[in-house]
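Colleague: Below is a structure I'd like to ask you about.
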Amino acid sequence: MTDEPRFEHPPEERAPSYLAESHSLRSWFFTTDHKRIALLYLVSITLFFLIGAGAAALIRLDLLTPQGDLLTNDGYNRAFSIHGIIMVWFFLIPSIPNVLGNFLVPIMIGTRDLAFPRLNLLSWYIYILSGLLTLYVVVSGGVDTGWTFYTPLSSVYANGAVVATIVAVFISGFSTILTGLNFIVTIHKLRAPGMTWSRLPLFIWSHYAVSIIFVLATPVLAITLLLVAAERLIGIGVFDPRLGGDPLLFQHLFWFYSHPAVYIMVLPALGVVSELITAAAHKRIFGYWFVAFASIAIAVIGFMVWGHHMFVSGQSVFASAVFSFLSIAVAVPSAIKVYNWTATLYKADVAIDAPLLFALGFIGLFVAGGLTGLMLAMLAIDVHVTDTYFVVAHFHYIMVGGSVTAFFGGLHFWWPKMTGRLYNETLGRIAAILILVGFNITFFPQFLLGYQGMPRRYHVYPPEFQVLHVISSLGAALLAVGYAMPAFYLLWSLLPGGRRAPANPWGASGLEWTTSSPPPKHNFIAQPVVVRQPYDYPLAHPASRDDG
Amino acid sequence: MSAGIELWPPAASHHAQQVDLLIGSFGAMVWLLTIPVFVLMSWFAIRYRRSREVNRDHAPTRNLWVEVGWSVIPFILVLGFYVWATMLFLDLYRPPPDAIPIHVVAKQWMWKFQHPDGAREINNLHVPAGRPVKLIMTSEDVIHSFYVPALRQKQDLVPGRYTSLWFNADKPGRYPLRCAEFCGADHSAMGGTLIVMPPQDYAVWLGRNRDGGMDGTLAQAGARLFRDLGCSGCHSAAASVKAPPLEGIFGRPVALADGGTLIADDQYLSDSILLPNKQVAAGYRPIMPTYGNVLAPEQVNALVAYLKSSRAREDSK
Chain S
269 MTDEPRFEHP PEERAPSYLA ESHSLRSWFF TTDHKRIALL YLVSITLFFL IGAGAAALIR
329 LDLLTPQGDL LTNDGYNRAF SIHGIIMVWF FLIPSIPNVL GNFLVPIMIG TRDLAFPRLN
389 LLSWYIYILS GLLTLYVVVS GGVDTGWTFY TPLSSVYANG AVVATIVAVF ISGFSTILTG
449 LNFIVTIHKL RAPGMTWSRL PLFIWSHYAV SIIFVLATPV LAITLLLVAA ERLIGIGVFD
509 PRLGGDPLLF QHLFWFYSHP AVYIMVLPAL GVVSELITAA AHKRIFGYWF VAFASIAIAV
569 IGFMVWGHHM FVSGQSVFAS AVFSFLSIAV AVPSAIKVYN WTATLYKADV AIDAPLLFAL
629 GFIGLFVAGG LTGLMLAMLA IDVHVTDTYF VVAHFHYIMV GGSVTAFFGG LHFWWPKMTG
689 RLYNETLGRI AAILILVGFN ITFFPQFLLG YQGMPRRYHV YPPEFQVLHV ISSLGAALLA
749 VGYAMPAFYL LWSLLPGGRR APANPWGASG LEWTTSSPPP KHNFIAQPVV VRQPYDYPLA
809 HPASRDDG
Chain D
747 MSAGIELWPP AASHHAQQVD LLIGSFGAMV WLLTIPVFVL MSWFAIRYRR SREVNRDHAP
807 TRNLWVEVGW SVIPFILVLG FYVWATMLFL DLYRPPPDAI PIHVVAKQWM WKFQHPDGAR
867 EINNLHVPAG RPVKLIMTSE DVIHSFYVPA LRQKQDLVPG RYTSLWFNAD KPGRYPLRCA
927 EFCGADHSAM GGTLIVMPPQ DYAVWLGRNR DGGMDGTLAQ AGARLFRDLG CSGCHSAAAS
987 VKAPPLEGIF GRPVALADGG TLIADDQYLS DSILLPNKQV AAGYRPIMPT YGNVLAPEQV
1047 NALVAYLKSS RAREDSK
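Dropping the structure here:
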């Protein structure tokens, strides 16, 4: 069977690539091509990443000294608030789904575009509108609530541009919901002939899972934030205890969205890593169904663990014990994925290129973040380390060590497909290692700071914490270099004379590698028909090829 | 950089040592489960790297029992730690009956403490070593969190409700107290010190500070407020306005106008003073005005302490 073509695909005819098709501004800003919209997103989230990173740089510089010489107390609070708000809603949440997902979902399932191309463009415009409003908040003095908007601080006491920020996040939610809706309909209705559910790439499974969270969780955040704005503007008394409201109600509503939002940020990353590992290993993924359903399990159980953010809030003891148990349960599907990736490398044919290095770096950081998450799920430990740097380190391991590393890995892996150019592989490997090292120097000391009792969101801190803070800031400088490197060599590859990418530079399976690099406007010259299992590499054991 | 790296914070209580033991053991198990994965992953990547001639026959791509094994076994191991951690946590919600009740009121950005015998202090909290202490806490404005790293304990203080935290610090010393919930501009300046003293020193300290702001014990101050505010004008048998009698009410069941019943605790008594229409006692009209704009939280604490003491007097009759 091995000499049979993997996909029935008519011979390629010449068609202009989606990039070469037209060069007018109009053809970009009014495009309905999912690939061009993906690039619009790539440029815009990169700009927001730079702003969020600028705020992070201010924070790390300021924390070099215990008395905080660079910023005022209020200025520091505004810096970490804008860092959190921009990184969560304007970088991390749209990063993988709206760039890589937008580009790849239709190609991977063998169709021309998403189900609702104009809705896709609309969701980018909504994102830009909410982003501009956030930029207005930044220049008009900022916001001092943290990204968590806890009441009654946000609804009564804070004096920054709280309502404008809330409206910005509220608007950005529509962009997220429309993207989720688009992905769900596309995956259900537009799969190529032969692309059965059991043949879906794992990237698609994880985007399907994340789309469910997009659609179900985001409206809860929208309503909650509107209530905060209403309390601030007209004093409706939902959260303010002086008016008979309950401040803890806000935390329940907020985390009912924001815990699933953590999985919004990490599920697409898990999908990316499954693709990178199998392509580098040149071998069918070990335990396809376990990895696929782990995504769905994470999405479902992820809705039932929000109370683990509230173990010391005054929540009932019984509720805490139940949330603690469920938080341990949600770790199981994540662990299953890690074990299966490891088993995939066994007897594989491993190409140690930059995408694999990013993927392995992801796994190491994700495991460290996940296991410290298990520690935080343990009630007696959480009482000590919650709201300290231990938590800060934990979620940066998941969201930055995890999601951002996977995003960079995915960007390297699909860069030839997206742009038709090959980047410098040596520089790619160096960047991957630099990011891994810089990240650990930045964030590992924060676990120690947290256990020693350094609370988060402290501008001025006791002098005994200074050494670890200085190490962390030096690591951040290294990390910044690691993140800046790809910006240069990836853009360099676009210059005239850059090396052209063949259709399948990695020798990977998957429909996206059967079309040209970059793909034509409608992705394929003719409708592809899928006749084989996913990850159908020659190394797969013959007996398990069709049923695994 | 005046100090070097301090790797482990001091432990001021038995509970703190238990938490250290828990995280130490759990950490050890986590490494035990993780290191083989990291080692195998790197070893596979290098051993099976492309262009290297090794045996790749019969590469497996699935195995149900392996999947079940690596899902279930670590989960069961972790569940053991779940039980341990939850038991330790439950201890934090079972204060001994003889714990010294100390009221804590937080506001932007300070800590105010009221000892039962009337001593008051700000940002410093003196307690006797080896005696259980129960903090009954609330906030005047936003949410704060009482955090003493040396106790490995923290608890949020929520406006409009009481939360509590108890501990038994057995090592005399001075331990930093910090606010752990972001509470506005000077959050990081909202610190203080927990001063654990040998019991005899504590007795001396109390004697010196008894008159720190109020005369007599907290309950006596409450009794005076009860009289000065005219509470007894309604809440007494001889009063012309019919209001529920309050003598000995603390800890007793109260029938409510909406048909429910509850036990009169700190929260109920405080709510009835600040938000009187929230829970109306059965058989009475909701005519009590709110005292929310008249009383500071410390005064509410004093009134509640007085109502509690009237329970104690009833019981001793």
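These protein sequences, in sequence, are chains S and D. Note that this note's numbering has the first sequence beginning at 269, numbered continuously upward. Note that this note's numbering has the second sequence beginning at 747, numbered continuously upward. From the three backbone atoms N, C-alpha and C, an ideal C-beta is built for every residue, glycine too. Being a predicted model, the structure only gives us computed values, none of them experimental.
Mind checking who D:K900 pairs with in its DSSP beta bridge?
Modeller: For this step, residue 900 of chain D is matched to residue 154 along the second sequence. Note: D:K900 sits in a beta bridge opposite D:Y893.
Colleague: What residues of chain S sit near D:G930, judged by a beta carbon separation below 8 Å?
Modeller: Counted from its first residue, the second sequence places residue 930 of chain D at position 184. Simply N345, D412, L421, Y425, A426.
Colleague: Within the present structure, is the beta-carbon of D:E799 separated from the nearest heavy atom of the ligand GDP by less than 7 Å?
Modeller: In terms of ligand content, the structure shown is empty, and the ligand GDP therefore cannot be addressed.
Colleague: List, in order along the chain, the chain D residues whose C-beta lies closer than 9 Å to that of S:A490?
Modeller: To locate residue 490 of chain S, count along the first sequence from 1; it is residue 222. Within 9 Å Cβ-Cβ: nothing; S:A490 doesn't reach chain D, min ~23 Å.
Colleague: Can you pull out the residues from the region 589-610 of chain S whose beta carbon lies closer than 9 Å to at least one beta carbon of chain D?
Modeller: Of all residues in the region 589-610 of chain S, A589, S592, F593, I596, A597, A599, V600, P601, A603, I604, V606, Y607, N608, W609, T610 have a Cβ within less than 9 Å of some Cβ in chain D.
Colleague: What does the alpha-carbon distance come out to for the pair D:D902 and S:F676?
Modeller: Sequence index remark: in the second sequence, residue 902 of chain D carries index 156 (1-based). Sequence index remark: in the first sequence, residue 676 of chain S carries index 408 (1-based). When rounded, the distance between both Cα atoms is 39 Å.
Colleague: Quick one: which chain S residues come within Cβ less than 7 Å of D:T939?
Modeller: As a first step, residue 939 of chain D is located in the second sequence; it is residue number 193 there, counting from the start. Within 7 Å Cβ-Cβ: nothing; D:T939 doesn't reach chain S, min ~12 Å.
Colleague: Determine the chain D residues that contact S:Y665 at a beta-carbon separation under 8 Å, and present them in chain order.
Modeller: Numbered from its first residue, the first sequence carries residue 665 of chain S at position 397. Those within 8 Å of S:Y665 in chain D number zero; the least Cβ separation is about 13 Å.
Colleague: Does any CB atom of chain S fall closer than 8 Å to the CB of D:R973?
Modeller: For the purposes of this step, residue 973 of chain D is taken as the residue at position 227 of the second sequence. Not one chain S Cβ lies under 8 Å of D:R973.
Colleague: Nearest to S:R767 by alpha carbon, out of S:T782, S:R467, S:L329, S:K685?
Modeller: As a working note, residue 767 of chain S is residue 499 in the first sequence. Cα-wise, what sits closest to S:R767 is S:K685.
Colleague: Quick test of the definition: if touching needs 3 or more C-beta pairs under 8 Å, does the region 477-487 of chain S touch the region 443-450 of chain S?
Modeller: The region 477-487 of chain S is in contact with the region 443-450 of chain S.
Colleague: With a threshold of 8 Å between beta-carbons, can S:G555 be considered close to chain C, or not?
Modeller: Of the protein chains in the structure, S and D, none is chain C.
Colleague: Which partner residues does D:T909 have in the DSSP bridge list?
Modeller: By one-based count along the second sequence, residue 909 of chain D stands at place 163. Looking at the DSSP assignment, D:T909 forms a beta bridge with D:M883.
Colleague: Determine contact between the region 912-922 of chain D and the region 731-745 of chain S, defined as no fewer than three beta-carbon pairs at a distance below 8 Å.
Modeller: Touching, no, given that fewer than three Cβ pairs across the two stretches are closer than 8 Å.
Colleague: Smallest Cα separation from D:E993: which of D:C977, D:V814, D:V987?
Modeller: Here residue 993 of chain D corresponds to residue number 247 of the second sequence, with the count starting at 1. Ranking the options by Cα distance to D:E993, first place goes to D:C977.
Colleague: Counting only runs that start and end within the region 497-521 of chain S, where is the beta strand (DSSP E) found for 3 or more residues in a row?
Modeller: Those beta strand (DSSP E) runs which fall completely within the region 497-521 of chain S and span 3+ residues do not exist here.
Colleague: Could you say which of S:E499, S:H680, S:T687 lies nearest to S:A547 if we only look at CA atoms?
Modeller: By one-based count along the first sequence, residue 547 of chain S stands at place 279. For S:A547, the nearest C-alpha among the options comes from S:H680.
Colleague: For chain D, is any of its Cβ atoms less than 8 Å away from the one on S:G721?
Modeller: Translated into the one-based positions of the first sequence, residue 721 of chain S becomes position 453. Cβ-Cβ to chain D under 8 Å: yes for S:G721.
Colleague: Anything in chain S within Cβ reach of D:D887, meaning under 9 Å, just list it in chain order.
Modeller: By 1-based counting over the second sequence, the position of residue 887 of chain D is 141. Near D:D887 (Cβ distances below 9 Å), the residues of chain S are P420, L421, V424, Y425.
Colleague: If I follow the unbroken alpha helix (DSSP H) through D:M1034, where does it start and stop?
Modeller: Start at 1 with the first residue of the second sequence, and residue 1034 of chain D comes out as number 288. Segment: none, D:M1034 is in no alpha helix (DSSP H) and carries neither H nor E.
Colleague: For D:H981, does the three-state DSSP call read helix, strand or coil?
Modeller: Here the question's residue 981 of chain D lines up with position 235 in the second sequence. Coil.
Colleague: Taking any Cβ of chain D, which residues in the region 635-656 of chain S have a Cβ under 9 Å from it, in chain order?
Modeller: Flagged, chain order: V635, A636, L639, T640, L642, M643, A645, M646, L647, A648, I649, D650, V651, H652, V653, T654, D655, T656.
Colleague: Tell me which residues share the same chain as D:A965 and place their Cβ nearer than 8 Å to its Cβ, disregarding the 5 neighbours each side in the sequence.
Modeller: Mapped onto the second sequence, residue 965 of chain D falls at position 219. Once the five neighbours on either side are set aside, the close Cβ partners of D:A965 are P862, A1048, A1051, Y1052, K1054, S1055.
Colleague: Along chain S, in chain order, which residues have C-beta atoms closer than 8 Å to that of D:M787?
Modeller: Here the question's residue 787 of chain D lines up with position 41 in the second sequence. Near D:M787 (Cβ distances below 8 Å), the residues of chain S are W609, T610, L613, L628, I631.
Colleague: Are three or more beta carbon pairs between the region 430-446 of chain S and the region 397-406 of chain S nearer than 8 Å?
Modeller: Yes, since at least three Cβ pairs between the region 430-446 of chain S and the region 397-406 of chain S fall closer than 8 Å, the two stretches touch.
Colleague: Going by beta-carbon coordinates alone, are S:L625 and S:A700 separated by less than 8 Å?
Modeller: By 1-based counting over the first sequence, the position of residue 625 of chain S is 357. By 1-based counting over the first sequence, the position of residue 700 of chain S is 432. Yes, the pair counts as a contact, with Cβ atoms nearer than the cut-off.
Colleague: Under 7 Å Cβ-Cβ, which residues of chain D neighbour S:H680?
Modeller: Here residue 680 of chain S corresponds to residue number 412 of the first sequence, with the count starting at 1. Ordered by position in chain D, no residue passes the 7 Å Cβ test against S:H680, which lies about 17 Å from the chain.
Colleague: Quick check: what's the CA-CA separation for S:H277 versus S:P796?
Modeller: Sequence index remark: in the first sequence, residue 277 of chain S carries index 9 (1-based). Sequence index remark: in the first sequence, residue 796 of chain S carries index 528 (1-based). Because S:H277 carries a pLDDT of 47, less than 50, the predicted location of this residue cannot be relied on, and no value is offered for it.
Colleague: Which same chain residues end up closer than 6 Å to S:A744 when comparing Cβ atoms and leaving out the 5 residues on each side of it in sequence?
Modeller: In the first sequence, the residue the question calls residue 744 of chain S occupies position 476. For S:A744, where only same-chain residues beyond five positions count, the Cβ hits under 6 Å are R328, T710.
Colleague: List, in chain order, every chain D residue whose beta-carbon is nearer than 7 Å to that of S:R552.
Modeller: Locating residue 552 of chain S in the first sequence gives position 284, where the first residue counts as 1. Within chain D, the residues near S:R552 are T807.
Colleague: Could you check if D:I1033 is buried or exposed, using at least 16 other CB atoms within 10 Å of its CB as the buried criterion?
Modeller: For the purposes of this step, residue 1033 of chain D is identified with residue 287 of the second sequence, where counting begins at 1. Classification for D:I1033: exposed.
Colleague: Between D:R920 and chain S, is there a C-beta pair that is closer than 8 Å?
Modeller: Residue 920 of chain D sits at position 174 when you count from the first residue of the second sequence. Not one chain S Cβ lies under 8 Å of D:R920.
Colleague: Any C-beta of chain D sitting closer than 8 Å to the C-beta of S:D370?
Modeller: By one-based count along the first sequence, residue 370 of chain S stands at place 102. Per the sequence presented here, residue 370 of chain S reads as Asn, with Asp not at that position. Cβ-Cβ to chain D under 8 Å: no for S:N370.
Colleague: Determine whether the Cβ of S:I246 lies closer than 8 Å to any Cβ atom of chain D.
Modeller: No answer is possible for residue 246 of chain S: the residues shown for chain S start at 269 and end at 816.
Colleague: Determine whether the Cβ of S:R725 lies closer than 8 Å to any Cβ atom of chain D.
Modeller: Indexing the first sequence from 1 puts residue 725 of chain S at position 457. Yes, its Cβ sits closer than 8 Å to a Cβ of chain D.
Colleague: CB-CB under 6 Å to S:I354, same chain, minus the five flanking residues each way: which ones, in chain order?
Modeller: Taking the first residue of the first sequence as position 1, residue 354 of chain S is located at position 86. If we look at S:I354 and ignore the five residues flanking it on each side, its Cβ neighbours are F316, I319, G320.
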